[in-house]
Amino acid sequence: MIMYNYLRPDTIEEACQLLAQSKGKILAGGTDLMVQIRAQEEKLQDLKCVLDINQLKELNYIKKEDDHIYIGGLTTHHELQESELIQREAFFLSQAASTVGSPQIRNRGTLGGSICNASPAADLIPPLIALNADIKLRSIRGERKLPLISIFTKPYCTNIESDEILVEISFKILSETTKTAFIKLGRRKALAIARMNIAVALGIGDDGCIEEARIAPGSVFPTPDRVKVAEKILLNKKPTSELIAQASKLVSEEMINRTGIRWSTEYKRPVIETLANRALKQAWGVE
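Sequential numbering from 3 applies to the sequence shown in the working numbering.
Have a look at this one:
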């Protein structure tokens, strides 16, 4: 059994102080950390302290200011799923939240926790990558803001410092002409960890051409990323089935370029191509 001290700060300032002193693990929803502790995972054998921040209500919000959406790190998957603001301004993020785990997991799991866990199969990260989201980190040394896409170093690892708390996620609201889609493939229809997923955003100009394209697959690369080679081929062209097929093929080819030929490639290559094709057509509005 892993033995550790349990701390429950009352303010963000106190949480930062305790985290700096203890170098412990942050407990938010607990849907990942508590499972890892009970499984006595090797990476937690030296765990000395757990810092419970659940009661810090100032980290639980979804709000709009000017042309940006701001989401507190303790916002749950269920709150993202049900938020009218998210449904209106970033529907594919709400859609992704609705696919996470079970109702119990969605009620407990937090957006900040999902990001910090850095699972390659996380459902919420691809839409956030497609939104060009930023995160805000806080410690006794102050605050820093950086692109979400820049924090992932390898599966289940980030470059977030041990004394930092993820307090906020933000992104610029998409234009009215930007269309989005999210598709997830799992072994079953509920309680499924993604075999693969994908989020796309297409900005369509007045002339019907694609002005901006963002394609962010999940469970495809070792760390979350966009497929810029596929995005580039779409720019300044009107969507067609043939163009989308070309871009989708580039998504699967980029997977092989980055991961090489593995035992799962024979399965994943045609499947991610199909998912990309469906998502792009869904965003385009023809499927």
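A virtual CB, placed ideally from N, CA and C, is assigned to each residue, including glycine.
What you are looking at is a predicted structure, and each value in this text was computed from that prediction instead of being measured.
Asked	Found
Thinking C-beta only, is phenylalanine 223 closer than 8 angstroms to alanine 201?	no
Below 8 angstroms, can you find three or more Cβ-Cβ pairs linking the segment 100 to 120 to the segment 156 to 175?	yes
What separation, rounded to the nearest whole angstrom, lies between the Cα atoms of isoleucine 71 and arginine 280?	27 angstroms
Drop a sphere of 10 angstroms on the beta-carbon of threonine 33, count the other beta-carbons inside from all chains shown, and report buried for 16 or more, exposed for fewer.	buried
Does the beta-carbon distance from lysine 129 to leucine 95 come in below 8 angstroms?	Looking at the sequence itself, residue 129 is proline, so the reference to lysine does not match. Yes, these two residues count as a Cβ contact at 8 angstroms.
Grouping DSSP H, G and I as helix and E and B as strand, with all else coil, what is proline 128?	helix
Nearest by alpha-carbon distance to isoleucine 127: which of Ile246, Ala218, Pro241 and Val253 is it?	Ala218
Let's test the definition: count the other Cβ atoms within 10 Å of the Cβ of cysteine 159 and tell me whether it reaches 16, buried, or not, exposed.	exposed
State the start and end residues of the unbroken beta strand (DSSP E) segment that holds proline 149.	144 to 149
What's the C-alpha gap between threonine 179 and threonine 77?	28 angstroms
Quick check on DSSP: helix, strand or coil for cysteine 211?	coil
Suppose you measure from the CA of alanine 132 to the CA of glycine 287; what does that come to, to the nearest Å?	18 angstroms
Kindly confirm or deny that the segment 150 to 157 and the segment 60 to 68 touch, where touching means at least three C-beta pairs closer than 8 angstroms.	no
Which residues in the same chain have their Cβ closer than 8 angstroms to the Cβ of isoleucine 4, if we skip the five residues on either side of it in sequence?	Ile39, Gln42, Leu46, Gln47 and Leu49
Since glycine 220 sits in a beta bridge, which residues does DSSP pair it with?	Asn199
In this structure, what does DSSP give as the bridge partners for cysteine 159?	Lys156
Taking C-alpha atoms, which residue in Lys25, Lys174 and Leu58 lies nearest to isoleucine 88?	Lys174
So the alpha helix (DSSP H) asparagine 259 belongs to, where does it begin and stop?	243 to 261
Helix, strand or coil, according to DSSP, for lysine 240 in the structure here?	coil
Rounded to whole angstroms, how far is the Cβ of serine 221 from the Cβ of methionine 198, which I believe are closer than 8 angstroms?	5 angstroms
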